[in-house]
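Novice:
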Amino acid sequence: MNEEEKNKFLSILNDSNYRMTIASLLIIAMEERDSNFNRSVGYLINSLNENNRPTEEAKTKSILPTLLSILAMTMSIVAVVLQILN
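If you read the sequence shown in this note's numbering, its first letter stands for residue 3, the second for the next number, and so on.
(1) Leaving out the 5 sequence neighbours to the left and right, which residues in its chain are closer than 8 Å to Asn-47 when beta-carbon positions are compared?
(2) Expressed to the nearest angstrom, what Euclidean distance is found between the alpha-carbon atoms of Ser-37 and Val-43?
(3) At which residues does the alpha helix (DSSP H) containing Ile-47 begin and terminate?
(4) Got a sec? Which residues, its chain only, sit under 6 Å from Ile-14 by beta carbon, not counting five neighbours each side?
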């Protein structure tokens, strides 16, 4: 691998948008058509997917949609009860 290809890979891997990084790696793998190279790209993509999963802390911060759905369900139950009482 020459210096230009190394710089190309480093710029791809340093991209903050990891989905674009994965897409770029897949395009390079399709152009290369070498099984060892494609296997290496697969390992890189797996490690990118592992490292960019949401953490438990981020998952617990997304409680707002759950609370809103509980509130909507409670309001609909109250509306049904008020309809019955009338």
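Backbone N, C-alpha and C define an ideal beta-carbon position, used for all residues, glycine too.
Specialist: The short version:
(1) The displayed chain sequence assigns Ile, not Asn, to residue 47. Excluding sequence neighbours, Ile-47 sits near Ile-24, Leu-27 and Leu-28.
(2) 10 Å
(3) 37–53
(4) Thr-23 and Ser-26
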